[in-house]
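What follows is a single structure, written as structure tokens, with notes after it.
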Amino acid sequence: MYKLETIISLAKRRGFVFQSSEIYGGLNGCWDYGPLGVELLLKIKDSWWKSMTFRDDIEGVDASILMHPRTWDASGHTKQFSDPMIDNKVSKARFRADNLIEEHIIKLRSKNKNDEADTIEQKLANIKENNDYLTIILDHGIKDPVSGTTEWTEVRNFNLMFKTFIGPLEEASSVVYLRPESAQGIFVNFKNIAETARQKVPFGIAQIGKAFRNEINTKNFLFRTREFEQMEMQYFVKPGAELDWFDYWKKQRWQWYIDLGMDESKMRWKNHDKLAHYANHAVDIEFEFPFGWGEIEGIHSRTDFDLRNHQEFSGKKMEYVDAVNNERYLPFVVETSGGVSRGLMAFLCNAYSEEHVTDDNGKTDVRTVLRFSPKLAPITAAVFPLVNKDGMPELAQSVYQDLQKSMKVQYDSSGAIGRRYRRQDEIGTPFCITIDGESLTENTVTIRERDSMKQERISIDKIKNYINDKIY
Ligand code: GAP
């Protein structure tokens with residue numbers, strides 16, 4: 000397992016991810032995606048979008064980020080979307096009370112104090128109210144990591160939604176929220192989409208879009224950020240059919256990660272013991288990050304909670320009318336909800352590797368490789384003239400320009416060829432194409448595959464097919 004710092008440093012050095020507004024010292028919990036990061040994001044989203052909408056029963060939508068504030072009353076977010084927060088009176092540092100306790104448990108386990116760790120874990124599982132967190136923190140002498148004291152405030156609920164105002168007046172009646180999940184944009188459009196797309200239950204609606212949460216604890220790079228992107232799909236089914244669909248979507252979503260090269264030994268299922276207020280069944284797909292296991296996607300059986308509440312709060316009928324069977328009902332919903340940016344971080348960690356290689360002169364060296372699936376690699380191919388003379392740059396340029404019409408390609412003519420390969424390995428480019436002396440007479444190139452480092456000679460007119468065969 001590689002250190003997260005190593006991966007963050009590569010991500011910055013090669014232009015995947017930068018701190019937001021870095022020149023001003025950065026903004027906590029916000030990140031910018033550089034030239035390679037944005038390509039990777041787009042490929043993740045493109046693959047997800049196609050897997051969802053290139054079928055008969057799923058339609059797409061792109062709802063606005065700002066929604067009518069009643070949306071969040073109906074969904075339960077204004078009342079219930081909060082974390083228990085505690086402040087240290089000396090350092091003024093603020094923590095999520097549950098995280099503070101969890102970290103204390105990890106510390107106890109690292110010191111082999113497993114009995115105490117088990118006791119606290121048991122208490123944590125039985126929390127009923129905020130006061131219970133404080134009791135654990137005080138009873139077990141949990142100290143502030145900043146000041147080292149146990150001078151804690153009460154535990155209070157902290158709503159995670161970002162508030163702003165719509166229009167010129169900053170008053171209570173003009174409050175709106177940046178959406179904390181994209182899902183509600185789907186629920187409120189359920190009738191519009193069912194009717195205009197003439198879909199019949201069961202069918203789904205897919206959306207990719209930004210969501211915002213004023214997270215208290217934003218460490219671990221892209222894992223928990225304040226602005227992030229989600230890929231969500233709500234599948235509307237007849238009540239009673241939800242658990243079969245739940246199993247179906249579990250399989251689909253697991254396979255999606257595998258098809259994109261995720262190492263299955265770094266993935267696992269986690270059942271929700273405590274269900275969210277809207278769910279009757281829920282599981283997460285977790286990935287083993289350098290800091291430990293963490294959720295990358297949730298699959299939730301949300302019952303008719305959302306449609307029922309929107310019907311009640313808006314006064315508009317949200318029922319589905321089944322004209323064939325002469326029935327009306329509020330559909331149940333199975334949701335798949337993945338994070339684009341959290342997924343990107345998982346794919347990056349999954350791809351990172353360092354290996355010792357020996358060159359022709361017997362010199363060993365460390366090769367850093369991002370082993371992305373060719374489907375996800377930000378740059379699909381790189382084109383090199385072996386030397387910058389004898390007509391090689393001209394032929395290399397023409398190969399490059401031609402490939403660029405259908406895929407993302409880089410041209411590199413500087414430095415020794417071995418160095419150029421390494422630069423591409425480090426960003427995960429699966430194919431490097433070299434134009435050499437033989438290319439000029441035989442119309443062929445060498446194509447080197449990133450992981451095996453094996454080279455093949457193929458004719459120029461076969462390059463596109465060669466690459467496409469490996470991607471699709
Ligand atoms: N509509 C259901 C929903 O939003 P969630 O478990 O809160 O469920 C779903 O979020 C996914 O969104 C998570 O699995 C994660 O990938 C991503 N996500 C949630 N909060 C995030 C954050 N603060 N930063 C990055 N990604 C986040």
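In numbering that gives the first Met the number 0, the protein residues as written are 0 to 471.
Beta carbons are placed, not taken as given, at the ideal position from N, Cα and C, and that holds for glycine.
Going along the chain, which residues of its own chain have a beta-carbon closer than 7 Å to the beta-carbon of residue i, five neighbours each way excluded?
| i | result |
| --- | --- |
| His-76 | Met-160, Pro-179 |
| Ile-474 | Residue 474 lies beyond the range of the chain shown here (0 to 471); nothing can be said about it. |
| Ile-426 | Arg-13, Leu-35, Leu-369, Pro-377, Ile-378 |
| Tyr-399 | Val-382, Val-408, Tyr-410 |
| Arg-472 | Summary: the structure shown does not reach residue 472, with the chain confined to residues 0 through 471, and so no result is reported for it. |
| Lys-190 | Met-317 |
Does at least one heavy atom of the ligand GAP sit under 6 Å from the Cβ of residue i?
| i | result |
| --- | --- |
| Ala-182 | yes |
| Gly-338 | yes |
| Ile-295 | yes |
| Phe-220 | no |
| Glu-150 | no |
| Arg-223 | yes |
| Phe-227 | yes |
| Glu-214 | yes |
| Arg-341 | yes |
Identify, in the order they occur along the chain, each residue of the same chain with its Cβ nearer than 8 Å to the Cβ of residue i, setting aside the five sequence neighbours on each side.
| i | result |
| --- | --- |
| Glu-150 | Asn-87, Lys-88, Val-89, Asp-143 |
| Phe-346 | Leu-39, Ile-43, Leu-259, Gly-260, Met-261, Phe-371, Leu-375 |
| Phe-164 | Glu-170, Ser-173, Val-174, Val-175 |
| Phe-245 | His-280, Ile-298, Ser-300, Val-333 |
| Arg-252 | Ile-284, Glu-296, Ile-298, Thr-335, Gly-337 |
| Gln-79 | His-276 |
| Ile-141 | Leu-99, Ile-100, His-103, Ile-135, Thr-149 |
| Ala-188 | Here the sequence assigns Asn to residue 188, which means Ala is not the residue at that position. Excluding sequence neighbours, Asn-188 sits near Val-60, Ala-62, Ile-204. |
| Ala-322 | none |
Note down, in chain order, each residue of its chain lying with its Cβ closer than 6 Å to the Cβ of residue i, except the 5 sequence neighbours on either side.
| i | result |
| --- | --- |
| Pro-201 | Val-236 |
| Thr-302 | Asn-279, Phe-331 |
| Arg-307 | Leu-329 |
| Met-232 | Met-51, Gly-203, Ala-205, Thr-335 |
| Arg-267 | Glu-285 |
| Ala-73 | Asn-308, His-309, Phe-312 |
| Arg-108 | Ala-116 |
Which one of the options has the shortest CA to CA distance from residue i?
| i | options | result |
| --- | --- | --- |
| Gly-417 | Ile-207, Pro-238, Cys-431 | Cys-431 |
| Phe-371 | Thr-224, Lys-461, Asn-219, Glu-448 | Glu-448 |
| Asn-270 | Ser-264, Ile-284, Glu-263 | Ile-284 |
| Tyr-420 | Ile-378, Gln-403, Asp-460 | Ile-378 |
| Ile-9 | Ile-43, Gln-254, Leu-369 | Note that residue 9 is Leu in the sequence shown, not Ile. Considering only alpha carbons, the answer is Leu-369. |
| Gln-310 | Phe-186, Ser-451, Arg-13 | Phe-186 |
| Met-51 | Gln-206, Tyr-328, Thr-367 | Gln-206 |
| Glu-194 | Arg-225, Thr-70, Leu-221, Val-320 | Val-320 |
| Glu-393 | Leu-177, Ile-22, Asp-435 | Asp-435 |
| Thr-70 | Ala-415, Asp-364, Gly-314 | Gly-314 |
| Lys-469 | Ser-405, Pro-429, Arg-54, Val-154 | Pro-429 |
| Glu-128 | Asp-55, Glu-153, Asp-114 | Glu-153 |
| Ser-181 | Gly-59, Phe-288, Val-282, Gly-293 | Gly-59 |
| Arg-456 | Gln-183, Glu-437, Asn-360 | Glu-437 |
| Ile-466 | Ala-240, Met-406, Ile-257 | Met-406 |
| Asn-158 | Arg-225, Asn-324, Ala-196 | Arg-225 |
| Leu-221 | Asp-243, Phe-290, Glu-263, Lys-199 | Phe-290 |
| Val-339 | Thr-440, Phe-227, Asp-389 | Phe-227 |
| Leu-3 | Cys-348, Gly-147, Lys-249, Asn-111 | Cys-348 |
By the 10 Å Cβ neighbour count, where 16 or more other Cβ atoms means buried, how is residue i classified, buried or exposed?
| i | result |
| --- | --- |
| Gln-409 | buried |
| His-299 | buried |
| Gln-423 | buried |
| Met-304 | Residue identity differs from the one stated: residue 304 is Phe in this sequence, not Met. So Phe-304 counts as buried. |
| Met-0 | exposed |
| Ser-458 | exposed |
| Gly-166 | exposed |
| Val-16 | buried |
| Val-444 | buried |
| Asp-272 | exposed |
| Tyr-32 | buried |
| Gly-238 | Checking the sequence shown, residue 238 turns out to be Pro, not Gly. By the 10 Å Cβ count, Pro-238 comes out exposed. |
| Asn-387 | exposed |
| Asp-450 | exposed |
| Gln-229 | buried |
| Thr-473 | Beyond the ends of the chain as shown, which are 0 and 471, falls residue 473; an answer cannot be given. |
| Met-452 | exposed |
| Gln-183 | buried |
| Gly-24 | exposed |
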